[in-house]
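One structure is given here, and the rest of the page talks about it.
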């Protein structure tokens, strides 16, 4: 069943309606002789031209003043003249019929009544048409001046509230008091972001249902629209004012008992929309700057530009990063059609649209994650969304997390037609290991796309020893590495590098001297000599299983501790 009737406000702003204009003193003796239904027509201007082809010079909202000279000798043109003025959208025809003994036929008056086009008799007014023109124009200008003063006053009041930090909810409540009606502010995703005291006292379900239905059926409109709620018992008339900044922000909705809201009420609504739009623009700018700093921080951390754990934790403290505890990085990415390849070359307008869409999707994804019992921080990196989840002690359940991510993907697709997938890295304890977790999450995503999947959640499957090692606190890993290779510290840098490279290759080649020599392009006796020197320096049997495990673990830690690069820098320096 139809829940509402729609009627559009196409007035393009506030003017003086005909009925209001007829109340000025000079028109007190004017008499409406036909078209009474059209007295609510808006008068934008007064035209006093007397010429046979006057119709082609008339504009919508014009009221034509005439002494009837242009019509007196053309009775056959009367009907066409009235019909043409109505088609243009003129406000009315005001005529002094007695000046040239103009007779208006009953058929003409019937046509005007049928069209709702007002015909006004001015013969009883002693003033000239010029005087009537001057007084009418003056009344219209005074009306506009009053409206402008009112608009300026309301705009100043709302702007002052914003500058005092009272915020958008206070604007909505003040507006509601001015209108003596409920007011709602809906976000672009149809969520109620602010409501007046009047609205909070109403039955939200019975009120919101037809409003949301209307928005669903009219997803994008740029002008004010009014609807009649057929099923509502009270406040049956709703007026929608869309709010735009650089994008669609939502709707300001006023509810009335009567369909005819006053002009000043409409002015107040328009000023509220303007101030709310400016406030949203300011908030968006602050949010974008804060988000940009956060994105840059995580990008630097992932790419390894931040090498100090202390610096990483200091800068990341505001985002929830801590020295203790485990974390896991999840990467989300919009699924692209399998038949289309992404276009990495964006025009300025295309890049702006991409950022706008990414920010909108960011909010949707964040909204879904807040429904889960997770502590997380979110950021963006190019076309990817990073969700860094802080794990409580012994709380990592990969199977459950995958189910939750698949649930989020399904929800977003059903609610917003957003198709995205997730890649999950391995948990880690040291903040500097986020780059490794990121690479793992990206590989997990790529593996899903290689299988031509969409809306999936994949975890990094390779269970190598580095995953286990990353669960060890960073300080303990560093201490183990230093203690293992401490006997090599006093040697010449070049000699130390040769010995450790030989020892590493020896273990990688399963303790086979010949294979080690081939890999290093040296004689087998050179390998034997170097290995014996390693045993002499360390005092350990390098072929002993336990000693072998110790050295293998120490070498495996180098990729996590960036020891190789440190050694290279030390060698270069020395």
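Numbering (our numbering), first residue to last: 98 to 671.
All C-beta atoms, glycine included, are put in the ideal place defined by N, C-alpha and C.
C-beta contact flag for residue i and residue j at 8 Å
i	j	result
residue 417	residue 487	yes
residue 524	residue 423	yes
residue 273	residue 282	no
residue 165	residue 134	no
residue 373	residue 324	no
residue 605	residue 627	no
residue 68	residue 124	This structure cannot speak to residue 68, because the chain is shown only from 98 to 671.
residue 519	residue 533	no
residue 529	residue 406	yes
residue 428	residue 538	yes
residue 458	residue 475	no
residue 149	residue 187	no
residue 258	residue 250	no
residue 566	residue 657	yes
residue 179	residue 199	no
Collapsed DSSP secondary structure at residue i in the structure displayed
i	result
residue 655	helix
residue 454	helix
residue 401	coil
residue 346	strand
residue 186	coil
residue 260	helix
residue 353	strand
residue 191	strand
residue 646	helix
residue 334	strand
residue 131	strand
residue 236	helix
residue 198	coil
residue 478	strand
residue 495	helix
residue 584	helix
residue 223	coil
residue 511	helix
residue 531	helix
residue 166	coil
residue 487	strand
Residue i CB to nearest heavy atom of the ligand MN below 7 Å
i	result
residue 128	The model on display carries no ligand, and the ligand MN is accordingly not part of it.
Cβ neighbour criterion (16 or more within 10 Å) applied to residue i
i	result
residue 215	buried
residue 450	exposed
residue 141	buried
residue 203	exposed
residue 582	buried
residue 209	buried
residue 425	buried
residue 559	Any reading at residue 559 needs caution, since the residue's pLDDT is 49, under 50, leaving its predicted position unreliable; the model's value is listed next. So residue 559 counts as exposed.
residue 452	exposed
residue 368	buried
residue 611	exposed
residue 326	buried
residue 132	buried
residue 646	exposed
residue 512	exposed
residue 336	buried
residue 631	buried
Whole-number beta carbon distance between residue j and residue i, since they are thought to touch under 8 Å
i	j	result
residue 521	residue 541	6 Å
residue 128	residue 218	4 Å
residue 347	residue 284	4 Å
residue 651	residue 577	7 Å
residue 352	residue 370	Contact doesn't hold; Cβ gap of about 16 Å is too wide.
residue 160	residue 191	6 Å
residue 118	residue 233	6 Å
residue 602	residue 616	5 Å
residue 365	residue 275	5 Å
Where the beta strand (DSSP E) containing residue i begins and where it ends
i	result
residue 160	159 to 163
residue 326	322 to 326
residue 677	Residue numbering for the chain in the displayed model covers 98 to 671; residue 677 lies beyond these limits and cannot be assessed.
residue 42	The chain is shown only over 98 to 671; residue 42 falls outside these bounds and no answer can be derived.
residue 218	216 to 218
residue 413	Note, residue 413: premise wrong, no beta strand (DSSP E); alpha helix (DSSP H) at 406 to 413.
residue 521	517 to 521
Extent of the continuous alpha helix (DSSP H) run through residue i
i	result
residue 599	590 to 605
residue 275	264 to 276
residue 614	610 to 617
residue 40	In this structure the chain extends from 98 to 671, so residue 40 is not present and cannot be described.
residue 629	621 to 635
residue 205	203 to 212
residue 115	115 to 118
Chain D contact for residue i (CB, 8 Å cutoff)
i	result
residue 283	The structure shown has no chain D; it contains just one protein chain.
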